[in-house]
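As they're listed, the protein sequences go chains A and B. Start counting at 1 in the first sequence, then tack on 1, and there's your number in our numbering. Start counting at 1 in the second sequence, then tack on 10, and there's your number in our numbering. Beta carbons are placed, not taken as given, at the ideal position from N, Cα and C, and that holds for glycine. Written below as structure tokens is the structure these notes are about.
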Amino acid sequence: MVEKQFKVTDKAGIHARPAAMLVSVANKFVSDVNLDYGGKNVNLKSILGVMSLGIGHGETFKLNASGADEQDAINELAKTLKTEGLAE
Amino acid sequence: MSLLKGIAASSGIAIAKAYCLVEPDLSFSKKKIEDSATEVARFQSALATSKSELEAIRDVAEKELGADDAAIFNAHVLVLTDPELIGPIEEKIKTDQVNAEFALKEMSDMFITMFEQMDNAYMQERAADIRDVTKRLLSHLLGVKIVNPSMISEEVVVIAEDLTPSDTAQLNRQFVKGFTTDIGGRTSHSAIMARSLEIPAVVGTQESTKLIQDGDLVIVDGLNGEIHINPSAEVVADYKNKQQQFEQQKVEWAKLVNEKTITADGHQVELAANIGTPEDLVGVVNNGGEAVGLYRTEFLYMGKDQLPTEEEQFEAYKKVLQGMAGKPVVVRTLDIGGDKELSYLQLPEEMNPFLGFRAIRLCLEEQDIFRTQLRALLRASTFGNLKIMFPMIATLGEFRQAKAILEEEKQELLAAGTEIAEHIEVGIMVEIPSTAVQADVFAKEVDFFSIGTNDLIQYTFAADRMNERVSYLYQPYNPAILRLVKMVIDAAHKEGKWAGMCGEMAGDEIAVPLLIGLGLDEFSMSATSILPARAQIKKLKKSDMVELVNEALQMGTAEEVVQAVKERTGL
Chain A
2 MVEKQFKVTD
12 KAGIHARPAA
22 MLVSVANKFV
32 SDVNLDYGGK
42 NVNLKSILGV
52 MSLGIGHGET
62 FKLNASGADE
72 QDAINELAKT
82 LKTEGLAE
Chain B
11 MSLLKGIAAS
21 SGIAIAKAYC
31 LVEPDLSFSK
41 KKIEDSATEV
51 ARFQSALATS
61 KSELEAIRDV
71 AEKELGADDA
81 AIFNAHVLVL
91 TDPELIGPIE
101 EKIKTDQVNA
111 EFALKEMSDM
121 FITMFEQMDN
131 AYMQERAADI
141 RDVTKRLLSH
151 LLGVKIVNPS
161 MISEEVVVIA
171 EDLTPSDTAQ
181 LNRQFVKGFT
191 TDIGGRTSHS
201 AIMARSLEIP
211 AVVGTQESTK
221 LIQDGDLVIV
231 DGLNGEIHIN
241 PSAEVVADYK
251 NKQQQFEQQK
261 VEWAKLVNEK
271 TITADGHQVE
281 LAANIGTPED
291 LVGVVNNGGE
301 AVGLYRTEFL
311 YMGKDQLPTE
321 EEQFEAYKKV
331 LQGMAGKPVV
341 VRTLDIGGDK
351 ELSYLQLPEE
361 MNPFLGFRAI
371 RLCLEEQDIF
381 RTQLRALLRA
391 STFGNLKIMF
401 PMIATLGEFR
411 QAKAILEEEK
421 QELLAAGTEI
431 AEHIEVGIMV
441 EIPSTAVQAD
451 VFAKEVDFFS
461 IGTNDLIQYT
471 FAADRMNERV
481 SYLYQPYNPA
491 ILRLVKMVID
501 AAHKEGKWAG
511 MCGEMAGDEI
521 AVPLLIGLGL
531 DEFSMSATSI
541 LPARAQIKKL
551 KKSDMVELVN
561 EALQMGTAEE
571 VVQAVKERTG
581 L
């Protein structure tokens with residue numbers, strides 16, 4: 002399992018559009034990808050799950066992936082979060 | 011064949027088949043299912059159909075509205091593939107042996123409740139996204155047609171209960187020849203949109219959605235507010251004639267595009283246009299607008315999930331100023347709050363939104379928002395002839411405070427070496443009686459007035475203009491309104507300032523003669539009203555109109571005023 006921590010840099014937090022972007026990226030991989038935030042753990046391939054967390058500006062969350070392409074999944078998600086100015 | 015009356019909201023005549031934009035009946039009951047595998051397959055097929063539909067809508071929206079506004083449909087597509095939603099639904103069909111409709115409703119309701127209970131208004135609104143997707147899925151499960159304005163592909167007249175801004179944005183303008191709504195008046199959002207799109211429209215018909223069936227042949231007469239349903243061949247021929255005449259009149263009006271607006275006895279006024287977005291400039295130029303009298307900047311803030319940046323605003327203002335090539339552009343600072351909500355601002359709901367925390371009141375409190383807008387405006391000022399106008403000013407104190415903030419931002423930008431236009435006129439909207447009554451005092455400090463009649467009328471008669479039961483109190487021609495307007499114009503002229511009017515009244519053929527008589531300097535209206543107004547003004551004599559309005563000011567009722575205008579001008 003690969004794990005990485007992020008801090009939200011987008012002022013609006015992880016709202017619908019970024020959530021859709023993350024889910025689309027996660028869907029490209031066969032690995033299970035999960036998001037840990039505030040004691041809750043949700044499937045990153047579920048847009049409702051991600052949105053239901055309502056992660057705001059300045060908050061930290063953890064992504065973890067396990068499966069055949071776990072490293073690639075985390076790398077690409079990290080890249081998306083950074084280039085979209087969502088989190089670092 | 012039958013005839014329906016409504017309010018003429020946008021001129022022109024449309025003859026086409028009806029496209030009924032009505033909510034489908036999606037009721038169903040819980041059923042016990044023996045063969046759950048078949049039921050799951052039925053659900054999956056509804057999923058697939060919905061998905062391909064939503065993808066098509068997303069593609070159309072991307073083309074029409076741009077990737078940003080289309081992004082929400084991407085989220086909808088993802089909901090359809092969400093394992094946390096789809097998995098449990100299929101599970102429920104199998105273990106509980108229930109029909110797909112019921113399983114779907116149970117699961118989506120769970121998510122809807124969860125989002126609704128979140129303490130963030132933006133997240134609460136996401137419940138609507140799930141509802142939307144659920145509705146689409148249900149319609150396919152039940153085999154009911156779901157309407158979708160973006161997919162219209164033949165010439166139609168849209169029949170709706172009401173059209174929201176997002177409905178209107180989705181209309182395929184190439185094919186929508188006209189529309190009717192059950193509710194609304196001349197100043198409702200859909201009516202204003204219809205005029206800016208130059209689509210004939212009749213609003214406030216009360217029962218058009220009940221009486222008109224999909225596919226009926228419909229004539230929408232936006233000139234006198236009539237709707238003919240399945241008319242006889244004779245009526246159709248008659249209207250084709252009228253349509254032609256209207257087109258011809260438009261050709262006549264078009265000849266006035268580059269002319270000045272001068273009365274028969276040589277008094278010149280300025281005819282300006284109200285716009286909402288830089289895209290509206292095309293209509294202003296095509297219709298011979300001499301200025302932009304009202305740029306409603308709130309459209310930059312609406313339909314988004316965050317505030318527009320200074321840069322975004324700067325680009326929009328620059329575009330408008332450049333587009334008008336040196337002609338005056340009056341930009342109204344953010345007029346939001348109360349009834350016009352921005353979900354990301356999370357403003358509390360109010361008992362009386364029209365009397366509440368809105369417009370300049372909000373801007374003076376939330377100064378970050380206000381200052382960002384003012385900076386963007388100041389930076390754009392070198393690209394044309396900018397005038398800044400504050401909405402909903404009720405007291406001189408508010409105006410002074412707003413002006414001081416503007417001055418602070420100006421000094422800061424200048425100190426940073428930013429170029430700003432040498433002279434920018436700063437004015438106010440007069441839409442609250444307190445300001446009209448004190449216009450003589452205001453006139454010493456403002457550069458101009460623009461009378462906002464829709465609100466001024468509502469506040470003067472204490473009647474909510476959205477409430478149909480008191481709609482009879484929307485009385486632009488009432489002598490009380492004429493007296494207030496006169497106070498404002500006279501006060502401006504005494505100080506050597508100008509007075510304009512932005513609001514439906516400025517382009518109204520009954521009001522125009524009265525306003526000419528009162529000495530109004532600038533008339534700002536829907537772009538499509540400019541040429542007819544110019545044609546009308548060219549035939550009037552100012553001296554006659556002064557006499558007319560002096561009589562009108564002494565009259566008792568709006569009806570008497572209308573009668574006098576008609577007699578004097580032959581309308």
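query	result
On the DSSP bridge list, what partners appear for H238(B)?	L13(B) and I229(B)
Judging by CA-CA distance, which residue of M133(B), H238(B), E116(B) and R68(B) is the nearest neighbour of K27(B)?	H238(B)
Hey, is L64(A)'s beta-carbon within less than 9 Å of any beta-carbon in chain E?	Included in the structure are the protein chains A and B, with no chain E among them.
Would you kindly check if the distance between the Cβ of I17(B) and the Cβ of T195(B) is under 9 Å?	Strictly speaking, residue 195(B) in this sequence is Gly, with Thr absent from that position. Going by C-beta atoms, G195(B) is nearer than 9 Å to I17(B).
Below 7 Å CB to CB, which residues in the same chain sit around I48(A) once its five sequence neighbours on both sides are set aside?	A20, A21 and V24
Excluding five sequence neighbours on each side, which residues of the same chain lie with their C-beta closer than 7 Å to the C-beta of E71(A)?	M2, V3 and S32
Since A24(B) contacts K187(B) with CB under 8 Å, what's their CB separation in whole angstroms?	4 Å
Does the distance from the CB of P443(B) to the CB of L396(B) come in under 9 Å?	no
Quick one: what does DSSP say E126(B) is sitting in, helix, strand or coil?	helix
Whose C-alpha, out of F471(B), A446(B) and R389(B), is nearest the C-alpha of A431(B)?	R389(B)
What is the C-beta distance between L36(B) and L173(B), in whole angstroms, given that I count them as a contact (C-beta under 8 Å)?	Going by Cβ atoms, the distance from L36(B) to L173(B) rounds to 21 Å, so no, they are not a contact pair.
Exposed or buried, P34(B), counting other C-beta atoms within 10 Å across all chains shown (16 or more means buried)?	exposed
If you check the beta carbons only, do I491(B) and L530(B) fall under 9 Å apart?	no
Need the endpoints of the beta strand (DSSP E) that Q254(B) sits in, please.	First-last for Q254(B): A243 to A264, but that is the alpha helix (DSSP H), not the beta strand (DSSP E).
Could you check how far apart the C-beta atoms of G303(B) and E532(B) are, in whole angstroms? I think they sit under 8 Å.	6 Å
So, is Q546(B) buried or exposed, given that buried needs 16 or more other C-beta atoms within 10 angstroms?	buried
Kindly list, in the order they appear in chain A, the residues whose Cβ is closer than 7 Å to that of D92(B).	S47, I48 and L49
Compare the C-beta of F125(B) with all C-beta atoms of chain A and state if any pair is closer than 9 Å.	yes
Let me see if you follow: with CB-CB separation under 9 Å, is K12(A) close to chain B or not?	yes
Output the boundary residues of the alpha helix (DSSP H) element that contains T84(A).	E71 to T84
If I follow the unbroken beta strand (DSSP E) through P338(B), where does it start and stop?	P338 to R342
How about P338(B) and A369(B): are their beta carbons less than 9 Å apart?	no
Helix, strand or coil, according to DSSP, for M476(B) in the structure here?	coil
If you draw a straight line from the alpha carbon of V279(B) to that of G313(B), how long is it in whole angstroms?	36 Å
Starting from R306(B), trace the beta strand (DSSP E) in both directions and tell me its first and last residue.	A301 to R306
Can you name, in chain order, every residue of its own chain whose Cβ lies under 6 Å from the Cβ of K102(B), other than the five neighbours on each side?	A113
Using a cut-off of 7 Å between C-beta atoms, extract the partners of G55(A) located in chain B.	M128, N130 and M133
Can we say the region 398-415 of chain B touches the region 441-455 of chain B, given the rule of at least three CB pairs closer than 8 Å?	yes
Can you have a look at R68(B) and say buried or exposed, based on whether 16 or more other CB atoms are within 10 angstroms of its CB?	buried
Could you give the C-beta distance for K15(B) and Q107(B), rounded to a whole number, given that I count them as a contact under 8 Å?	That belief does not hold up - the Cβ atoms of K15(B) and Q107(B) are roughly 53 Å apart, past 8 Å.
With a threshold of 7 Å on Cβ separation, who are the neighbours of A568(B) within its own chain once the five nearest residues in sequence on each side are excluded?	Q485, Y487 and N488
For the alpha helix (DSSP H) that A386(B) lies in, which residues bound it at each end?	Q377 to A390
Using a Cβ-Cβ distance under 9 Å, would V3(A) count as near chain B?	no
Is it true that the region 375-385 of chain B meets the region 318-332 of chain B, where meeting means three or more beta-carbon pairs spaced less than 8 Å apart?	yes
Would you call the region 354-365 of chain B and the region 287-304 of chain B in contact, with 3 or more CB pairs under 8 Å?	no
Considering only DSSP beta bridges, list what E435(B) is partnered with.	K397(B)
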